[in-house]
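Participant: Numbering (my numbering), first residue to last: 1 to 299. Ideal placement from N, C-alpha and C gives every residue a C-beta, glycine not left out. This one's a predicted model, so the numbers in the text were calculated from it and none came from an experiment.
1) What residues are listed by DSSP as bridge partners for residue 95?
2) Leaving out five residues on either side along the sequence, give the residues of the same chain with a beta carbon under 6 Å from the beta carbon of residue 239.
3) Is the CB-CB distance between residue 165 and residue 143 below 8 Å?
4) Residue 136: which of 130, 226, 145 sits nearest, CA to CA?
5) On the CB-based measure, 16 or more other CB atoms within 10 Å of its CB, does residue 298 come out buried or exposed?
6) State the start and end residues of the unbroken beta strand (DSSP E) segment that holds residue 211.
7) What is the DSSP secondary structure of residue 13, counted as helix, strand or coil?
8) Indicate whether residue 276 and residue 86 have their beta-carbon atoms separated by less than 8 Å.
9) The beta strand (DSSP E) with residue 250 in it runs from where to where?
10) Check each candidate in 207, 152, 216, 109 and name the one with the smallest Cα separation from residue 229.
11) Tell me the rounded alpha-carbon separation between residue 128 and residue 197.
12) Considering Cα atoms alone, identify which of 209, 93, 80 is closest to residue 100.
13) Per DSSP, what kind of secondary structure is residue 299 in: helix, strand or coil?
14) Residue 286 and residue 255: beta carbons closer than 8 Å?
15) Taking C-beta to C-beta, are residue 252 and residue 221 nearer than 8 Å?
16) Out of 263, 257, 259, 171, state which residue places its alpha-carbon closest to the alpha-carbon of residue 247.
17) Taking the Cβ atom as the reference point for each residue, do residue 261 and residue 281 lie within a distance shorter than 8 Å?
18) Considering only the beta carbon of each residue, do residue 241 and residue 268 sit closer than 8 Å?
19) Taking buried to mean at least 16 other C-beta atoms within 10 Å of its own C-beta, is residue 112 buried or exposed?
20) Please look up how many angstroms separate the CB atoms of residue 130 and residue 153, rounded, as I've assumed it's under 8 Å.
21) Specify the secondary structure class of residue 270 as computed by DSSP and reduced to three states.
22) Kindly indicate which three-state DSSP category residue 160 falls into: helix, strand or coil?
23) Which stretch, first to last residue, makes up the beta strand (DSSP E) that contains residue 118?
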């Protein structure tokens, strides 16, 4: 959703706002993570000494349409190319957007370049980075710091920072901030927001998470609630498949008034090829209802 000059005039200092919100999120995350770890200490101690891969939750300022799969194994390739086609429709008409993205991934670190184009936005070039920094390498209570950064033509700058505690059951809190320049939000979640998540990760890319993202800066009361499942399919093949299902509920003030809607994303990942289909009513709290289709290849 594009911000107006009136909204910018109401915003506090970016540096002061970021420091205050980051301190609050870090304090809550560490306290919540300690409580979760104490409750699950017995279960964690009985788990395998070889913990499952710990893939980060969706970054607040990263391109959700081309995020890597949960399995970080080297057999999935270091590069990933994604082509996305998005159909956006409202009462005033419809148009199609095209998204091209190339991502490099190694050891939990991602670098990516992309270009997006549609009739309303024009053409936008994009680049981003996200990483996982291990602060505590402990089988019972591991701690990760997960930063991300995104740049776009037109002067947009955005970023996020999250803290994740625990394994295989984990808690995460995060914060995202941008400089409020207009851009195509292909993350599809509020970016100037705080987040909180609870989840579980198992072997073979299994994952279940509940994630809440809420605007804490623009006074829109926008919230996204995600319930996401990743699970391998029982197929006997040289190219195993994994299913991803993401159920979305959104609420808050949008471009045309109050919004309350449900959406979903369905994905299928193979060793090399992958595809996604998503339905997102009032995408980015605009007047536009979106169908998003994307597919790509790892190499």
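Facilitator: The structure says:
1) As a working note, residue 95 is residue 95 in the chain shown. Per DSSP, 88.
2) Within the chain shown, residue 239 is the residue found at index 239, counting from 1. Correct list, in chain order: 270, 271.
3) On the chain shown, position 165 is the one that residue 165 refers to. On the chain shown, position 143 is the one that residue 143 refers to. Yes, they are a contact pair.
4) Against the chain shown, residue 136 aligns to sequence position 136. Checked all of 130, 226, 145; the closest Cα to residue 136 is 145.
5) For this step, residue 298 is matched to residue 298 along the chain shown. By the 10 Å Cβ count, residue 298 comes out buried.
6) Working through the chain shown from its first residue, we reach residue 211 at position 211. Here the beta strand (DSSP E) through residue 211 covers 207 to 215.
7) To locate residue 13, count along the chain shown from 1; it is residue 13. Here the model assigns residue 13 a pLDDT of 48, short of 50, so the residue's position is not dependable and the matter cannot be decided.
8) Along the chain shown, read from residue 1 onward, the residue named residue 276 stands at position 276. Along the chain shown, read from residue 1 onward, the residue named residue 86 stands at position 86. Cβ distance not < 8 Å, so residue 276 and residue 86 don't count as in contact.
9) The residue given as residue 250 occupies position 250 in the chain shown. Here the beta strand (DSSP E) through residue 250 covers 242 to 254.
10) The sequence position of residue 229 within the chain shown is 229, counting from 1. Looking at the Cα atoms, 207 is the closest of the given residues.
11) Numbered from its first residue, the chain shown carries residue 128 at position 128. Numbered from its first residue, the chain shown carries residue 197 at position 197. Roughly 23 Å between the two C-alpha positions.
12) Within the chain shown, numbered from 1, the residue matching residue 100 stands at position 100. Of the listed residues, the one whose Cα sits closest to residue 100 is 80.
13) For the purposes of this step, residue 299 is identified with residue 299 of the chain shown, where counting begins at 1. Of the three classes helix, strand and coil, the one that applies to residue 299 here is coil, per DSSP.
14) Taking the chain shown and counting its residues from 1, one reaches residue 286 at position 286. Taking the chain shown and counting its residues from 1, one reaches residue 255 at position 255. In this structure, the beta-carbon distance from residue 286 to residue 255 falls below 8 Å.
15) For the purposes of this step, residue 252 is taken as residue 252 along the chain shown, with counting starting at 1. For the purposes of this step, residue 221 is taken as residue 221 along the chain shown, with counting starting at 1. Contact flag set, yes.
16) Counting from 1 along the chain shown, the entry for residue 247 is found at position 247. Out of 263, 257, 259, 171, 263 has the C-alpha closest to the C-alpha of residue 247.
17) Residue numbering aside, residue 261 sits at position 261 when the chain shown is read from its first letter. Residue numbering aside, residue 281 sits at position 281 when the chain shown is read from its first letter. Less than 8 Å separates the beta-carbon of residue 261 from that of residue 281.
18) Walking along the chain shown from the start, residue 241 turns up at place 241. Walking along the chain shown from the start, residue 268 turns up at place 268. Result yes, Cβ atoms of residue 241 and residue 268 sit closer than 8 Å.
19) Here residue 112 refers to the residue found at position 112 when the chain shown is read from its first residue. Its Cβ being crowded by 16 or more others within 10 Å, residue 112 is buried.
20) Residue numbering aside, residue 130 sits at position 130 when the chain shown is read from its first letter. Residue numbering aside, residue 153 sits at position 153 when the chain shown is read from its first letter. So it is not a contact: roughly 20 Å between Cβ atoms.
21) By one-based count along the chain shown, residue 270 stands at place 270. Reduced to three states, the DSSP call for residue 270 is coil.
22) Position 160 of the chain shown, counted from the first residue, corresponds to residue 160. Strand.
23) Looking up residue 118 in the chain shown gives position 118. Residues 109 to 118.
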